[in-house]
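This report refers to the structure that appears directly beneath it.
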Amino acid sequence: MENDQDRIAAVVKRVIQELTGDARMVSEKADGLHDSVNEAVEAAVEAQRQLVAMSLARRREIIAALRKSVLDNNEMLSALAIRETQLGRYEDKIRENILCATKTLGVEDIEPRVLTGDHGLTLVETAPVGVIGALTPITNPTGTIIHNGISMIAAGNAVVFNPHPTAVETSTTLIRIFHKTITEAGGPSGLLGAVKKPTLETAKQIIEHPKINMLVATGGRPVVNVVLRSGKKAIGAGAGNPPVLVDETANIRKAAQSIVDGASMNNNIFCTCEKEVVVVEEVADALIKFMLETGKTYFLTPKETEEVVKLVVTPEGKINTAYIGKNVQVILREVGIEIGDECRIAFFEAPKDHPLVWLEQMMPILPVVKVKDVQEGIRFAVEVEQGNRHTAVMHSTNVENMTAFARAVQTTIFVKNGPAYAGIGLGGEGHTAFTIAGPTGEGMTSARTFTRHRRCTLVESFRII
Ligand code: NAD
Numbered sequence: 001m002e003n004d005q006d007r008i009a010a011v012v013k014r015v016i017q018e019l020t021g022d023a024r025m026v027s028e029k030a031d032g033l034h035d036s037v038n039e040a041v042e043a044a045v046e047a048q049r050q051l052v053a054m055s056l057a058r059r060r061e062i063i064a065a066l067r068k069s070v071l072d073n074n075e076m077l078s079a080l081a082i083r084e085t086q087l088g089r090y091e092d093k094i095r096e097n098i099l100c101a102t103k104t105l106g107v108e109d110i111e112p113r114v115l116t117g118d119h120g121l122t123l124v125e126t127a128p129v130g131v132i133g134a135l136t137p138i139t140n141p142t143g144t145i146i147h148n149g150i151s152m153i154a155a156g157n158a159v160v161f162n163p164h165p166t167a168v169e170t171s172t173t174l175i176r177i178f179h180k181t182i183t184e185a186g187g188p189s190g191l192l193g194a195v196k197k198p199t200l201e202t203a204k205q206i207i208e209h210p211k212i213n214m215l216v217a218t219g220g221r222p223v224v225n226v227v228l229r230s231g232k233k234a235i236g237a238g239a240g241n242p243p244v245l246v247d248e249t250a251n252i253r254k255a256a257q258s259i260v261d262g263a264s265m266n267n268n269i270f271c272t273c274e275k276e277v278v279v280v281e282e283v284a285d286a287l288i289k290f291m292l293e294t295g296k297t298y299f300l301t302p303k304e305t306e307e308v309v310k311l312v313v314t315p316e317g318k319i320n321t322a323y324i325g326k327n328v329q330v331i332l333r334e335v336g337i338e339i340g341d342e343c344r345i346a347f348f349e350a351p352k353d354h355p356l357v358w359l360e361q362m363m364p365i366l367p368v369v370k371v372k373d374v375q376e377g378i379r380f381a382v383e384v385e386q387g388n389r390h391t392a393v394m395h396s397t398n399v400e401n402m403t404a405f406a407r408a409v410q411t412t413i414f415v416k417n418g419p420a421y422a423g424i425g426l427g428g429e430g431h432t433a434f435t436i437a438g439p440t441g442e443g444m445t446s447a448r449t450f451t452r453h454r455r456c457t458l459v460e461s462f463r464i465i
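Per the numbering used here, the sequence shown starts with residue 1, numbered consecutively.
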């Protein structure tokens, strides 16, 4: 293990040295990192102008090169993210990066629409918005930048990132890799950038900069509210508290496996991860038994639960951020419980008003709440989702029950009979997004989201039927 750490640290150091060295050869500022927001924005404006003058074929080549650069550097980026943020699991960061590199939509997503009729032909193009300011979270520093970078550039934009201040090394390393990749693929310098030291102040400068045409915030509700007050076109991807509802018709063994896999993914730091289980009491014992049989769980007694909750919830009723994204072994050790390395998550039986049912815990400690029947389950799961319109999961074989829950909960993502991460394309159909815009309604964002629609009408001609 020690050797692995040393090896990864050596790789990180070498890649950063290579990037810094190469960047110096190109020009002092040509690594995508800038001294000021203004400098980053000016570089982005010029780069975006050059990008739209290039062919779509060249743009496709740039996107292909970006995808490849993630896969080539995945081990290093994943290790760096874990080392810097101390959140999540290495093997899950690897999966996150592969998912974003391969299943983020590219140029194919900005196909125009054509209408023909008695009056001729109208073309609706998805045009770039210009320069986008993107604020990215600590929880997925690589996934968000990969997804945002690929989709925003595919749509013909430039982007200035303001990464979370606690994920600066990871985010700026990725931005340097992307910058180098773009220029080597014949793209313009400055297309994707950030300031060297992102802070809340630089975020404010990006938000207010007159040459930033669109804002994209991926984070908690407060930052979404900040960009929505900016007076600019803003896309907000906020917090969730995804419930998973299990009814008496479900395949309980499969549900148990899915819940354990989904809720333990990256130590529960994905905004989409199952955050509380709501189960019809008739099948609750079976669900608990099958969750234990996965071999990846630890069932907390009421006394152990009390101690864990005292640790991870502050006296003010907030999540103790020191335990967000930690391995379950680390959390349980603090209260004197030793468990094996194979364990991925601890769970416990919770009353409806338990704080971990209502808080977005983002750690592998999962409450299980029993309800009388599916109707009560739907009502309660809707309440705990708290109007985030984010993600909900259901395990059931009753189509009417699933339809009733999906209608009632109104989430952006609704997963049936699988782990929540299937809803972001990991083992589920469809593209991925790490900016899931519930509050502003764009849903699973993609290149098309970062465009403006322009119409061009030709009167009385070009209808060929
Ligand atoms: P956060 O809101 O603390 O930070 C997100 C980004 O916003 C960071 O870059 C931060 O520096 C910036 N920021 C925060 N407050 C700001 C302010 N007042 N003004 C300007 N910038 C500000 O979120 P986090 O802790 O980094 O990430 C975890 C949260 O993000 C969770 O709630 C999670 O559910 C959510 N999230 C949502 C999605 C989604 O797609 N909906 C994706 C990932 C994470």
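Every residue, glycine too, gets a C-beta built ideally from N, C-alpha and C. Every value quoted in this text rests on a predicted model; they were computed, and no experiment measured them.
Go ahead and label residue i buried or exposed: buried means 16 or more other beta carbons lie within 10 angstroms of its beta carbon, across all protein chains shown.
i    : result
L426 : buried
S446 : buried
R221 : exposed
G387 : exposed
E342 : exposed
E360 : buried
L56  : exposed
P112 : exposed
A134 : buried
R38  : For the sequence presented, residue 38 should be read as Asn rather than Arg. With fewer than 16 other Cβ atoms within 10 Å, it is exposed.
K318 : exposed
R466 : Because residue 466 is not part of the residues shown, which for the chain are 1 to 465, the question remains open.
V399 : exposed
R59  : buried
F405 : buried
D353 : exposed
S468 : Limits of the chain in this structure are 1 at one end and 465 at the other, which puts residue 468 out of reach.
L458 : exposed
C456 : exposed
L200 : exposed
L215 : buried
T173 : buried
When you compare the CB of residue i with every CB in chain D, is at least one pair closer than 9 angstroms?
i    : result
G236 : Here chain D cannot be found, since the structure has a single protein chain.
Rounded to whole angstroms, what is the Cα-Cα separation between residue i and residue j?
i    : j    : result
P439 : R389 : 7 angstroms
L115 : T451 : 19 angstroms
K372 : T249 : 14 angstroms
G430 : I465 : 34 angstroms
G423 : F414 : 7 angstroms
P315 : W358 : 15 angstroms
E349 : Q375 : 20 angstroms
P470 : P188 : Outside the displayed span of the chain (1 to 465) sits residue 470, for which this structure offers no information.
K310 : K211 : 48 angstroms
F302 : V308 : Reading off the sequence shown, one finds Pro at residue 302, where the question assumed Phe. Rounded to whole angstroms, P302 to V308 spans 10 angstroms at the Cα level.
E385 : A155 : 33 angstroms
S27  : Q257 : Its pLDDT being 43, under 50, S27 is placed unreliably in this model, and the value from its coordinates should be taken loosely. Between S27 and Q257, the C-alpha separation is close to 52 angstroms.
N157 : V131 : 6 angstroms
M54  : N401 : 51 angstroms
G325 : L66  : 28 angstroms
I278 : S36  : In the sequence as presented, Ile is not what sits at residue 278; that position holds Val. Each residue's Cα considered, the two are about 48 angstroms apart.
T181 : S69  : 7 angstroms
P165 : R49  : 29 angstroms
V280 : G240 : 23 angstroms
T142 : T170 : 7 angstroms
I110 : R333 : 50 angstroms
L245 : S230 : 37 angstroms
L192 : T104 : 17 angstroms
K289 : D261 : 15 angstroms
In the DSSP assignment, what residue or residues form a beta bridge with residue i?
i    : result
G349 : The amino acid at residue 349 is misidentified as Gly; the sequence shows Glu. DSSP output for E349 lists V368 as bridge partner(s).
G487 : The requested residue 487 does not occur in the structure, where the chain is confined to residues 1 to 465.
R113 : V124
G236 : A217
T297 : I345
F414 : A392
V277 : V244 and V368
C456 : L123
M444 : I436
Rounded C-beta distance between residue i and residue j? I'm assuming under 8 angstroms.
i    : j    : result
V369 : E276 : 6 angstroms
P355 : V313 : 5 angstroms
D285 : R176 : D285 to R176, Cβ: 53 angstroms. No contact.
N296 : I365 : It should be pointed out that residue 296 corresponds to Lys in this sequence rather than to Asn. In fact, because the Cβ distance is near 14 angstroms, the residues do not count as touching under 8 angstroms.
A469 : I146 : Since the first and last residues shown for the chain are 1 and 465, residue 469 lies out of range.
A40  : A234 : So it is not a contact: roughly 19 angstroms between Cβ atoms.
P477 : V168 : Only positions 1 to 465 of the chain appear in this structure, which leaves residue 477 out of reach.
Validate contact between the stretch 102-120 and the stretch 76-92 using beta carbons, cut 8 angstroms, 3 pairs: no
Below 8 angstroms, can you find three or more Cβ-Cβ pairs linking the stretch 238-252 to the stretch 392-409? yes
Flag this pair as touching only if the stretch 120-128 and the stretch 71-81 have three or more C-beta atom pairs under 8 angstroms; answer yes or no. no
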